[in-house]
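The next block holds one structure in the form of structure tokens; read it before the comments.
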Amino acid sequence: MHVITGEQCIRGVLRVKGMLEVILNSEDRFTLSLMDAYVQALDKNSTASAMSLARLALPKPACQLITFAQQPSEDDLMVKPVEIPSVVYTAYFAIQGVVRVGGVEHLADMLDGVRGYFFPVFSPRLYPLVPMWAVIPKQSAVVLVNKHHVRMLHEAAP
Numbered sequence: 402m403h404v405i406t407g408e409q410c411i412r413g414v415l416r417v418k419g420m421l422e423v424i425l426n427s428e429d430r431f432t433l434s435l436m437d438a439y440v441q442a443l444d445k446n447s448t449a450s451a452m453s454l455a456r457l458a459l460p461k462p463a464c465q466l467i468t469f470a471q472q473p474s475e476d477d478l479m480v481k482p483v484e485i486p487s488v489v490y491t492a493y494f495a496i497q498g499v500v501r502v503g504g505v506e507h508l509a510d511m512l513d514g515v516r517g518y519f520f521p522v523f524s525p526r527l528y529p530l531v532p533m534w535a536v537i538p539k540q541s542a543v544v545l546v547n548k549h550h551v552r553m554l555h556e557a558a559p
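For the sequence shown, the working numbering assigns the number 402 to the initial residue and increments by one for each residue that follows.
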């Protein structure tokens with residue numbers, strides 16, 4: 402998995418006990434714990450360009466995106482029933498994929514229903530909006546987007 406913050410791309414192993422979405426969105430847990438982490442700066446001019454760490458704690462509010470090469474189970478993500486092809490924008494990426502919603506008529510209302518920090522985008526393609534020095538995965542099984550870092554979102558052509 403990769404975690405993208407405002408300054409770094411961090412590849413590592415996330416250790417969770419219990420349901421993934423509950424751990425990620427719990428207000429009781431402020432940090433994520435990554436093992437065997439490799440940290441790369443997003444900007445080539447950063448003085449902290451790259452480092453390897455056995456263990457790393459990341460505050461969840463700092464995490465903009467979390468990518469997974471293999472899709473977690475639907476139970477882990479509490480998948481909603483309605484699929485909407487979408488594009489989600491953060492300061493650094495456009496993420497094109499499928500947002501799954503439940504109980505809302507429009508994608509624009511979806512963010513109001515997200516509890517906690519993250520919502521999943523399935524079958525995503527990541528398009529950097531600024532030059533990146535770090536190696537960023539262009540595709541993954543699912544990307545979890547921190548709703549606090551969303552700049553805009555819209556429905557995409559199917």
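Don't be surprised by glycine CBs; every beta carbon is placed ideally from N, CA and C.
Buried or exposed by the 16-neighbour rule on C-beta atoms within 10 Å, applied to residue i
i: residue 435; result: buried
i: residue 552; result: exposed
i: residue 465; result: buried
i: residue 543; result: buried
i: residue 461; result: buried
i: residue 491; result: buried
i: residue 471; result: exposed
i: residue 536; result: exposed
Residue i (DSSP reduced to helix, strand or coil)
i: residue 537; result: coil
i: residue 530; result: coil
i: residue 507; result: coil
According to DSSP, residues forming a beta bridge with residue i
i: residue 410; result: 405, 441
i: residue 452; result: 440
i: residue 523; result: 499, 543
i: residue 486; result: 499
i: residue 460; result: 432
i: residue 422; result: None; residue 422 has no bridge partner.
i: residue 555; result: 488
Close beta carbons around residue i, own chain, < 7 Å, minus the five adjacent residues each side
i: residue 483; result: 501, 502, 503
i: residue 516; result: 426
i: residue 430; result: 424
i: residue 531; result: 493
Check whether residue i and residue j have beta carbons under 8 Å apart
i: residue 534; j: residue 454; result: no
i: residue 546; j: residue 488; result: no
i: residue 438; j: residue 411; result: yes
i: residue 519; j: residue 498; result: no
i: residue 467; j: residue 402; result: yes
i: residue 404; j: residue 459; result: yes
i: residue 463; j: residue 407; result: yes
Contact with chain C by residue i, beta-carbon distance below 8 Å
i: residue 537; result: Here there is only one protein chain, and chain C is not present.
Proximal residues to residue i (C-beta, below 8 Å), its chain only, five neighbours per side dropped
i: residue 558; result: 486
Cutoff 6 Å; reference residue i; Cβ partners in own chain excluding five residues on either side
i: residue 512; result: 548
i: residue 550; result: 465, 491
i: residue 528; result: 495
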